[in-house]
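Take a look at the structure below.
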Amino acid sequence: MGISVLSCVSLLLVFELFSSSVGVLQGVPGSTLVFPCLPGQNQQSFAGAKITWKYNDSPIPDYPESSEQLKLSKDGFYLEISPVSVANEGEYECVIKQNDMELQKVHIVQVDVSSSYILKVNEGSTVNLPCDRPPSSKDLVHWYRYDKGMTNGTRKQLNPAETGEMVDGDRLEWLFGPLEKDMTITLSAVKMEDAGIYYCETAEEGRDNSNFNTIELIVEATPTVLPYSCVGFMTPWESCQDETSRSWEAMLGESLNEFSMKLYAHLSQSQPMQNLLFSPISISGVLTHLLLGARGKTRRDMETALCLSHDFFCVHSEMKKLKLKLQDTLKMASQIYYNPNMKLSESFTNQSMQFYDADPVKLTNSSEVNVEMINSWVAKQTNNKIKELVDSVPAHTKLLLLNAVYFNGQWKMKFDAKSNKFPFVKLNGDTVKVPVLYSAKYKLAVQYVPAVKAQVAMFPLSGASSLFLLLPPTTKLSDLQLVEGKMTDKAVSQMVEQMNQVSPQATEVTLPKIKLDIWTEMNTLLRKIGLSELFDSANLCGLYPDNELLLTEARHRAFLTLTEEGVEAGAATSLAFSRSFSSFSALRPFLIILWSDQAKAPLFVGRVTEP
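Each residue of the sequence shown is one higher than the one before, starting from 1 at the first, in UniProt numbering.
In structure tokens form, the structure reads like this:
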């Protein structure tokens, strides 16, 4: 399947007449928005004046400390937002103090998320039609289709089936569901007559800006399919020419961090209110292992999805080094199970052992025996915390790639042994009594971090790792989403760097005891990060050259506990704060990042809304 997306990134300079105390500015996602404190006024008239800015009542740091996304000019007269996103919507207040005069201006920034796309797909393929509904919107949406063959310019309302509930003849379904935040729909087995204009609009009558997306779908005839051949694609993975270079370690850490935040962005948008937990290092581990056998476009797509450069030949040797470096607190293992009728590539088998300590194991003819064998391996690798990853192994299964990680980190300081219960405030305002971890004088680094718009606490753990808890300003869903929208790889790295400079202080700490055990729907996630080809037309010639090998299912399960002893976690994958605080209470929804200083990347990332 080939898909091309046409999009624009623009620079928008905004000037408005200074006629009122409030001005409304419009921006579009991905653009740059630049506006002055007092539109229509001569900047030189305020030379030497004190100019301050606030965003939603939170101060914006002066130049040069302002963030990468919210940048102030050197004199503070201009504010630049780049790139614009829905998280930037809100009130920007500018105050100029000069002599005995004070001037104030409020700018309201609105982000227009209505977008137009052109999608080109091949006949017979599967395509996702995205609906970019803003996070603040609670409207249901309707999908419509229009084409030139429809009379009088009419259009037809579409009725997608519920996710996974299509019957014979159905080809259109919700990717997640009509009540979810993501209103994307999936069209399967695309036909030439499916070409046309598709609209995603609010289902509420009388709303302004009701259109969220307009998509022109262009269907092209299916290209001639050549006989399957791996000629030219069977050479082993390239050797690492300089394994001692320290630059490879930095490259892998940057890639893992970027990959982690990319996964979290997709998962948090598709599941806006539930508990979340996943191990990016486990998901990355199994995909990187599979990358050993990927060739051609499939290899390039996987490298892009994993945030790896296309000439990073040392990625596998660096993954091996990382595993050894983390072995005191993180146990990471890979395994391959394959159909006994298959003959795996000798080079893939050898390199799997070399880099991932994975000696391929043949499946049996019994599904029950295979299930027991696989789940026993997973349980062993996760210290019996995950005892079930698969419930059946169909006879047509060709290949299973597994990766399991187990983390056990001890607190550097202990919590009180006494068990207490405190009220936890949920997103809907309800409270529930939960067991807590408490200490009256815990040596803790706590600070507001502008890069992520959250109060952050850093709990040092054994094994050169730390648990970061990110606390939004309130229990509102919008504040939680604001923090999540800021969680880019650069912002998280800035957070870690800033918190490492904070001196721990005696702090009253209250944390809920938690035990998370979360399944992640991997098939959809892999498609979202650009790996649809693994399911449709993968080139895995470096793994199995005799016939086409396609991915049928991918699973990921992760668990994490917070107890008096410390943090225990495991995962298995088959394919308005502005001051210091003397207390830190995470008795409302918060975000978790289990960070490894050795990997310079997250080991686990999650969200707690209901402990």
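Note that the Cβ used here is the ideal one computed from N, Cα and C, for glycine as well.
Put simply, the backbone Cα of V393 is about 13 Å away from that of A554. For N375, the three-state secondary structure derived from DSSP is helix. For the pair A454 and H556, the Cα-to-Cα distance works out to about 28 Å. Buried is the label assigned to P160, since at least 16 other Cβ atoms lie within 10 Å of its Cβ. Shown here for N383: same chain residues with a beta carbon closer than 6 Å to its own, the five before and five after excluded, namely Y406 in chain order. The three-state secondary structure of Q351, taken from DSSP, is helix. In this structure, E201 is the residue among E201, L531, L217 with its C-alpha nearest to the C-alpha of S210. Residue burial annotation: D357 is exposed, with fewer than 16 other C-beta atoms found within 10 angstroms of its C-beta. In the DSSP assignment, V111 is bridged to G27. Remark: C-beta atoms of E123 and T222 approach each other more closely than 8 Å.
Put simply, the stretch 437–447 does not touch the stretch 360–379. Fewer than three CB pairs are less than 8 Å apart.
Bridge pairing for A49: absent [DSSP].
When only Cα atoms are considered, K426 and L399 end up about 42 Å apart. Distance from the CA of N547 to the CA of L560, rounded to the nearest whole angstrom, comes to 40 Å.
A contact between stretches requires three or more CB pairs, one per stretch, nearer than 8 Å, and the stretch 238–246 fails this requirement with the stretch 472–483. In the structure shown, the three-state DSSP call for M192 is helix. Contact between the stretch 589–603 and the stretch 307–327 is present: 3 or more CB-CB pairs across the two stretches fall below 8 Å. Only buried fits E258, as 16 or more other CB atoms lie within 10 angstroms of its CB.
Residue pairing of T510 in beta bridges, as defined by DSSP: Y438, S585. By the Cβ neighbour-count rule, W519 is exposed, with fewer than 16 other Cβ atoms within 10 Å of its own. Between the alpha carbons of K515 and G293 lies a gap of roughly 36 Å.
M353 and M261 have their C-alpha atoms some 30 Å from each other.
By the neighbour-count criterion, in which 16 or more other beta carbons inside 10 Å mark a residue as buried, E193 falls on the exposed side. In this structure, I60 places its C-beta atom within 8 Å of the C-beta atom of L72. Per DSSP, the beta bridge partners of F278 are V605.
Between P512 and F415, the CB-CB gap reaches or exceeds 8 Å.
The C-alpha of M234 lies about 11 Å from the C-alpha of G296. L482: member of the alpha helix (DSSP H) spanning 477–486, first to last residue.
Excluding its 5 nearest sequence neighbours in each direction, N523 has C-beta neighbours in its own chain below 7 Å: E553, A554, listed in chain order. Here DSSP, grouped into helix, strand and coil, assigns Y228 to coil. Shown here for S284: same chain residues with a beta carbon closer than 7 Å to its own, the five before and five after excluded, namely L256, F259, L306 in chain order.
With contacts defined as CB atoms closer than 8 Å, I215 and L129 qualify as a contacting pair. Contact annotation: T507 and V446 have beta-carbon atoms nearer than 8 Å. For V361, the three-state secondary structure derived from DSSP is strand.
The Cβ-Cβ distance between F313 and A571 does not fall below 8 Å. Annotation: M413 is outside any beta strand (DSSP E) and is labelled neither H nor E by DSSP.
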